[in-house]
Amino acid sequence: MSTQRNILITGGAGFIGSHVVRRFVTKYPGYRIINLDALTYAGNMENLRDVEKASNYVFLKADIREAEAMNKVFTEHDIDAVIHLAAESHVDRSISDPMSFVTTNVVGTVNLLNAARVAWKGGYDGKRFYHVSTDEVYGSLHDDSLFLETTPYDPQSPYSASKAASDHFVRAYGNTYKLPFVITNCSNNYGSHQFPEKLIPLMINNIRNSKPLPVYGKGENVRDWLWVEDHAAAIDEVFHRGVNGETYNIGGHNEWKNIDLVHLLCGIMDRKLGRAEGESAKLITYVTDRAGHDLRYAIDAGKVERELGWRPSITFEQGLERTVDWYLANPDWMEHVTSGAYRDYYDAQYAAR
Ligand code: NAD
Ligand code: TYD
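Going by the working numbering, the sequence shown opens with residue 1, and the numbers climb by one from there.
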């Protein structure tokens, strides 16, 4: 893949995308990184302040739902490879507005696939379409098994259904048009710059502000948490050394019941904020469960470990410490993203629970 130079990263202003962009811009000065993002509520230019002036970095404000705009990007920037992360990514929002997930996650992905196919019609040598997906496509586990790359798809939410559909389209283009692709399905990420609609930054923000901590249902649901920079490292490995047509599961071997995780965070925050032990946990409030709430996700990441040598680089305790420290050191970031529309979202999601 050494001949690749112009790399389109979609969704680079979002949580995971910003970590991938930062890694690629700083580690690969020979690559020109084109970050394409529509800057929805989840995209934030502040996430990339430290790299935005780099000479090998370009930002394009564009919407993957617009087919013509995508074709233009491929021709104008002579795109060699795509790392596709742009998506609507929050399950709760997919329950209240499923159609946005169809248009961005499904139609947007197909627009990119079409643009790649047309732009690369002269030959696929050195080309690659990397689709970033989720473990949620495999559905909900009700025993102690793990998701493998061969686990049948069984999406249960509008979000996971839309991601599953996009994965199917990527594989279909690989089969039908021989488009060179790789797909990764990753477990829940956590770390800096995550929008506080997701569990960990939402809880950190509410603990800090002594607001109720809304735990859905009984808090028994299990997620497998991975530090976002370890996900970015895995994407780097798969992008450069993954085999075309293959899927790799990525996960942290790190399962937590939501309620245990919230207690762990409360303990860390008590310590960092100088509160008495047990103080923050008093904020825990059980609220109405999410509709169709998947019980458990857990990844078997054995393939990417064996074949590409990737492994998480830090423990969950280290990752959470770093994450909490980042949010506490960046109150302005939190203030900016939680002003305005966030308040309306929060009221609509949580007032009724
Ligand atoms: P995010 O919501 O933080 O960021 C998504 C980005 O995509 C934002 O910058 C947004 O502006 C952009 N975007 C949304 N719609 C767009 C459109 N129509 N055109 C162009 N840009 C658009 O999401 P994230 O958590 O960083 O997730 C990134 C990818 O990784 C997604 O594909 C998601 O499904 C996948 N993923 C996420 C997790 C996780 O735990 N967050 C786990 C596994 C996989
Ligand atoms: P989330 O971060 O939305 O990720 P996903 O649903 O994609 O796994 O939620 C993680 C878990 O935390 C999930 O089981 C739902 C639960 N949850 C709460 O209990 N309270 C909350 O306020 C949120 C946002 C999530």
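Glycine included, every Cβ here is placed at the ideal spot set by N, Cα and C.
Just so we're clear, the structure is a prediction, and the values are computed from it rather than from any experiment.
Practice item. Count the other CB atoms, across all protein chains shown, that sit within 10 Å of the CB of A298; report buried if there are 16 or more and exposed otherwise. Key: Note on A298: 16 or more other CB atoms within 10 angstroms of its CB, so buried under the neighbour-count rule.
Review point. Rounded to a whole number of angstroms, what is the C-alpha to C-alpha distance between G292 and H90?
Key: Going from the Cα of G292 to the Cα of H90 covers about 14 Å.
Exercise for review: Could you give the DSSP three-state label for R208: helix, strand or coil?
Suggested key: DSSP places R208 within a helical segment (H, G or I) once states are collapsed to three.
Practice item. Tell me the start and end of each unbroken alpha helix (DSSP H) in the stretch 292 to 337 that is at least 4 residues and wholly inside, in chain order. Key: Those alpha helix (DSSP H) runs which fall completely within the stretch 292 to 337 and span 4+ residues are 302 to 308, 316 to 329, 331 to 337.
Point to revise | Top-ranked residue by Cα proximity to I314, from R322, E305, C266 | key: Selected option, being the one with the closest Cα: R322.
Exercise for review: Kindly list the residues whose CB is nearer than 6 Å to the CB of A165, restricted to its own chain and excluding five residues on each side of it in sequence; keep chain order.
Suggested key: Here the set comprises V106.
Point to revise | When Y346, A351, A329, I268 are compared against F316, the one with the closest alpha-carbon | key: Nearest to F316 by C-alpha distance, out of Y346, A351, A329, I268, is I268.
Exercise for review: May I ask which residues mark the beginning and end of the beta strand (DSSP E) holding R128?
Suggested key: Looking at the DSSP string, the run of the beta strand (DSSP E) that includes R128 is 128 to 134.
Review point. Is the closest heavy atom of the ligand TYD to the C-beta of I200 under 8 Å?
Key: Because some heavy atom of the ligand TYD lies under 8 Å away, the Cβ of I200 counts as near it: yes.
Check your understanding: Would the C-beta of R223 count as close to the ligand TYD, meaning under 8 Å from any of its heavy atoms?
Key -> Yes, the ligand TYD has a heavy atom inside 8 Å of this Cβ.
Check your understanding: What does DSSP give as the partner residues of K61 in its beta bridges?
Key -> Checking the DSSP bridge columns, you'll see K61 partnered with D37.
Review point. Alpha helix (DSSP H) containing R93: first to last residue?
Key: For R93, the uninterrupted alpha helix (DSSP H) segment begins and ends at 91 to 96.
**Study point:** Heavy atom of the ligand NAD within 8 Å of F373 beta-carbon
**Key:** Here the chain comprises residues numbered 1 to 353, so residue 373 is not present and cannot be evaluated.
Practice item. Return the chain-ordered list of same chain residues with a C-beta closer than 6 Å to the C-beta of F74, the five sequence neighbours on each side being excluded. Key: Excluding the 5 residues flanking it on each side, F74 has same chain C-beta neighbours closer than 6 Å at A115, A119, in chain order.
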